[in-house]
Structures are given as C-alpha cells and as structure tokens.
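Colleague: Under the UniProt record's numbering, the first residue of the sequence shown carries the number 1, and numbering increases by one thereafter.
Cβ coordinates follow ideal geometry from the N, Cα and C atoms, glycine included.
The structure is given below, and queries will be raised subsequently.
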Amino acid sequence: MGIRNSILLGTLGRYSDRFHTYQPNRSLEERLQISEGIAGAHGVEPVYPQDLGHSGEHVGLVADCKLPVSAVNVNIKGEDMFCRGALTSPDEAVRAKALDYIRTGMDMAAELGSEMISVCPLIDGWDHPFEVNYLEQWDWIVEAMSAAASHRDDIRISIEYKPFEVRNRITLGTMPRTLLLCEEVGAPNLGVTMDTGHALIANESPAAELCLAHHKNRLFYVHFNDNDRQWDWDTLPGAVNVWETLETLYYMRRLDWSGWAAYDVFTRKGDPAEALTATFEIMDLFEALIDKVGMDDLGAMIAKGEPGPAFLTLMRAIAR
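Structure (structure tokens):
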C-alpha cells in the first residue's frame with residue numbers, strides 16, 4: 001500500500017508565535033474543504049477538543065469529509081488548566097481531566113473509523129532545577145498511560161515526543177525515554193510518533209530512531225518536516241537535512257512500513273495548501289531518487305560503511 005499522507009488540520013489554520021499571528025482563522029469546514037482539494041493527500045488529522053468539540057459536536061463534519069481520519073490529535077497542552085502540566089500536573093483533578101481527554105479522543109477516533117489517536121504531552125516536564133519531583137512525574141505519566149491504554153484495545157495511542165517547547169525539558173523528550181514508558185506500561189496499543197523535526201532538535205538521527213521504535217514494535221506514526229537542529233522550524237521536508245530525510249524514507253521502505261505519515265509544515269505568509277502540495281511532491285521526488293539509485297545499491301553502500309562512495313553514488317544519481 002505504501003505510505004499514506006495525512007494533513008494535520010492545524011497547519012491550515014491560524015497560529016501564533018511569541019511575536020505574531022499568521023494565517024486567517026479558517027473554520028473546520030473550510031480546512032476540510034481545502035484538504036480535499038490537495039493532491040497527494042490521503043487523510044486528515046483533526047484535534048480534540050479544538051476541532052471536534054468537547055462533546056463531539058463537530059464529529060459529523062469530519063465524518064462527512066471525503067478523506068479518512070488518520071488519527072485524532074488529543075490536545076492536552078493548550079488550555080489554561082494545563083499550564084502547570086497535564087498528565088504530570090501536581091493537581092490530581094487536572095491529571096484526571098487530561099486522562100479523560102485521551103479516553104474521549106479514543107472514543108471519537110473509533111466513531112470516525114480511525115484506529116489511532118496522537119498525543120504530544122509538551123506541557124509535561126520542567127523548566128528549572130528543583131522545580132518538580134521527577135519521581136512523582138514519571139509515576140504519574142506511567143499511571144495515566146496505563147489507564148488510557150486499557151480504556152479500549154481497538155485504538156492505538158501514539159505518543160509524539162519532543163525535547164523542549166512548551167517546557168524547557170519535556171518528560172517524554174527523546175525516543176529512548178518514550179520507549180521506556182511504553183515498555184513499563186507494556187500495553188501493545190501504546191507506541192510512538194517519530195517526528196523528524198523533533199528527532200533533529202533532540203540531536204537524534206531520525207532513521208535510527210525509526211528503526212529503534214520498529215524494533216520494539218512501537219512505531220505507530222511518522223511526521224515529516226525540517227529544521228536546523230536548534231529549533232522546531234516546521235519547514236518543508238529536506239529544506240535543510242536532505243540526507244537525513246532520504247535516509248528515513250529508505251529505512252521506511254526497508255522495514256516495509258506502510259502506516260500513516262503526517263506533515264508538520266507551517267507557512268507564515270504563503271498559501272498553506274500550496275505548501276502541502278509542494279511537500280507531497282518533494283516526498284515523491286525523494287522516493288524517485290531512491291528508485292533511481294536502487295534499494296539494493298543503497299543497501300550495498302551501507303554494508304561497505306564508507307560514506308565517501310555512498311554520497312558520490314547519490315550525487316551522481318541526482319546529477320543524471
């Protein structure tokens with residue numbers, strides 16, 4: 001079947017940084033219509049509760065979309081009650097509310113015919129030494145994910161890790177820490193989203209982390225974008241790290257991985273639909289380059305362990 005491309009509906013709407021706000025505040029209906037018209041899109045990822053509504057009042061709009069739902073993105077970081085943490089909040093009532101969001105998101109995913117939710121617990125962590133109790137935080141997040149995974153076994157929970165932002169240090173900030181959590185919980189429906197941009201700013205090699213998650217049967221979702229390894233730019237895949245992007249796609253093929261890929265690609269002044277159309281074409285060109293060199297030849301290059309001839313082979317393929 002190959003990789004299926006999903007559109008994060010948030011990339012088509014309004015967003016802000018510390019200084020400015022970008023893009024019009026497009027309605028859910030508008031963003032769904034735009035998604036349907038983007039060549040190369042196979043699915044969409046709505047956000048609970050911001051898109052779907054706390055009580056699911058907008059589930060019908062998403063269900064009527066011509067594109068299926070890859071996952072429901074459960075947002076447990078954006079509301080005021082989560083400012084001191086969600087799954088690791090010192091307030092037990094807030095931790096319970098965050099868990100309730102995840103369970104509700106799982107139910108809505110099932111209603112929409114999806115098999116997965118995505119959750120990125122960016123507010124769970126710390127900013128300074130002696131600010132939090134690390135022992136309690138870890139116990140709380142293990143307890144929460146255990147309870148979430150047991151809510152229903154027909155929906156997978158994919159954790160999107162990130163080293164920093166919103167917190168200076170995030171509890172689930174790297175692939176190994178996230179896999180450790182999954183192994184401690186032990187539930188087969190708990191896994192990891194390997195976001196290339198987040199792996200890069202964690203000073204990881206995206207392809208290596210992809211393989212590690214696959215080795216533990218925890219690779220549920222892949223996100224593509226790019227940055228300079230210092231900050232999460234969310235720019236076009238391959239705009240900076242060409243070889244890392246190509247290597248990630250090579251290993252996705254080598255692992256015969258055919259799940260969903262989504263794209264955290266944000267544009268400030270341009271047309272976000274054009275940016276996503278360009279993104280999908282870029283990914284097709286990367287795939288074409290792999291075809292041009294050949295999986296066997298790439299594998300032979302890796303077996304030799306000599307980077308010079310490997311890059312020369314790739315450059316010759318690009319130049320031809």
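(1) Candidates 283, 273, 210: which alpha carbon is nearest residue 256's?
(2) Specify the secondary structure class of residue 146 as computed by DSSP and reduced to three states.
(3) Consult DSSP for residue 19 and reduce its assignment to one of helix, strand or coil.
(4) Tell me the rounded alpha-carbon separation between residue 51 and residue 297.
(5) Go through the region 85-145 residue by residue and report every complete run of the beta strand (DSSP E) that reaches 3 residues or more, in order.
(6) With residue 177 as the anchor, note down where its beta strand (DSSP E) starts and where it stops.
(7) Ignore the nearest five residues each way along the sequence and tell me which others in residue 246's own chain have a CB closer than 6 Å to its CB.
(8) Within the same chain, show all residues whose beta-carbon is closer than 6 Å to that of residue 206, passing over the 5 residues directly before and after it, in chain order.
(9) Relative to the C-alpha of residue 226, which candidate in 239, 218, 317, 42 has its C-alpha closest?
(10) Smallest Cα separation from residue 74: which of 120, 231, 143?
(11) Inspect the beta-carbon positions of residue 279 and residue 265 and report whether they are closer than 8 Å.
(12) Please classify residue 215: is it buried, with 16 or more other beta-carbons within 10 angstroms of its beta-carbon, or exposed?
(13) Could you tell me the alpha carbon to alpha carbon distance between residue 367 and residue 191, rounded to whole angstroms?
(14) What is the DSSP secondary structure of residue 7, counted as helix, strand or coil?
(15) Using CA coordinates, which residue listed in 13, 111, 172, 299 is at the minimum distance from residue 193?
(16) Quick one: what's got a C-beta closer than 6 Å to residue 222's C-beta in the same chain, skipping five residues either side?
(17) Which residues mark the beginning and the end of the beta strand (DSSP E) in which residue 224 is found?
(18) Figure out for me which residue from 29, 87, 54, 88 has the closest Cα to the Cα of residue 66.
(19) Can you tell me the Cα-Cα spacing of residue 202 and residue 162, whole angstroms?
(20) Going by the CB atoms, is the gap between residue 122 and residue 79 shorter than 8 Å?
(21) Spatial neighbours of residue 61 within its chain, please: C-beta separation below 7 Å, excluding the five flanking residues on both sides.
(22) Extract the residue ranges of the beta strand (DSSP E) inside the region 236-267, only unbroken runs of 3 or more that lie entirely within it.
(23) Are the CB atoms of residue 81 and residue 94 nearer to each other than 8 Å?
(24) Measure from the alpha carbon of residue 282 to the alpha carbon of each residue in 224, 308, 252, 315, then state which is nearest.
(25) If you follow the beta strand (DSSP E) that residue 228 is part of, which residue opens it and which one closes it?
(26) Could you tell me which residues DSSP pairs with residue 44 in its beta bridges?
(27) Quick one: residues in its chain with C-beta nearer than 8 Å to the C-beta of residue 236, no 5 flanking neighbours on either side, listed in chain order?
(28) What does the alpha-carbon distance come out to for the pair residue 230 and residue 170?
(29) Taking the beta carbon of residue 186 as the centre, do at least 16 other beta carbons fall within 10 Å, making it buried, or is it exposed?
(30) Take the Cβ of residue 234 as the centre, count every other Cβ of all protein chains shown within 10 Å, and call the residue buried at 16 or more, exposed below.
Modeller: This is what the structure holds:
(1) Measuring C-alpha to C-alpha distances from residue 256 to each of 283, 273, 210 identifies 210 as the nearest.
(2) Three-state result, residue 146: helix.
(3) For residue 19, the three-state secondary structure derived from DSSP is coil.
(4) Approximately 45 Å, taken between the alpha carbons.
(5) The beta strand (DSSP E) runs lying completely inside the region 85-145 and spanning 3 residues or more are 116-119, given in chain order.
(6) Premise fails: residue 177 lies in the alpha helix (DSSP H), 175-185, not in any beta strand (DSSP E).
(7) Only residues of its own chain outside the window of five on either side were considered, and among them 286 have a CB closer than 6 Å to the CB of residue 246, listed in chain order.
(8) 196, 199, 244, 248, listed in sequence order.
(9) Restricting attention to 239, 218, 317, 42, the CA atom closest to the CA of residue 226 is found in 239.
(10) Comparing Cα positions, the closest option is 120.
(11) Taking 8 Å as the cut-off, the Cβ atoms of residue 279 and residue 265 count as close.
(12) Counting other Cβ atoms within 10 Å of its Cβ, residue 215 stays below 16 and is therefore classed as exposed.
(13) A query on residue 367 cannot be resolved here, the shown segment of the chain reaching from 1 to 320 and no further.
(14) In the structure shown, residue 7 sits in a strand (DSSP, three-state: E or B).
(15) Distance from the Cα of residue 193 is smallest, within the candidate group 13, 111, 172, 299, for 172.
(16) Spatial neighbours of residue 222 in its own chain (CB-CB distance under 6 Å, excluding positions within 5 residues in sequence) are listed in chain order as 194, 261.
(17) Note, residue 224: beta strand (DSSP E), 219-224.
(18) The option with the nearest alpha carbon to residue 66 is 29.
(19) Spanning the two alpha carbons is a distance of roughly 7 Å.
(20) No, the Cβ-Cβ distance between residue 79 and residue 122 is not below 8 Å.
(21) Closer than 7 Å at Cβ, skipping near neighbours: 28, 29, 32.
(22) You should have 260-263.
(23) With respect to residue 94, residue 81 sits close: the two C-beta atoms are nearer than 8 Å.
(24) When only C-alpha atoms are compared, the closest one is 224.
(25) Looking at the DSSP string, residue 228 is not in any beta strand (DSSP E), and its letter there is neither H nor E.
(26) By DSSP's assignment, residue 44 forms a beta bridge with 7, 69.
(27) Around residue 236: 225, 226, 265, 275, 278, 279, 282.
(28) About 16 Å.
(29) Exposed is the call here.
(30) With 16 or more Cβ atoms within 10 Å of its Cβ, residue 234 is classed as buried.
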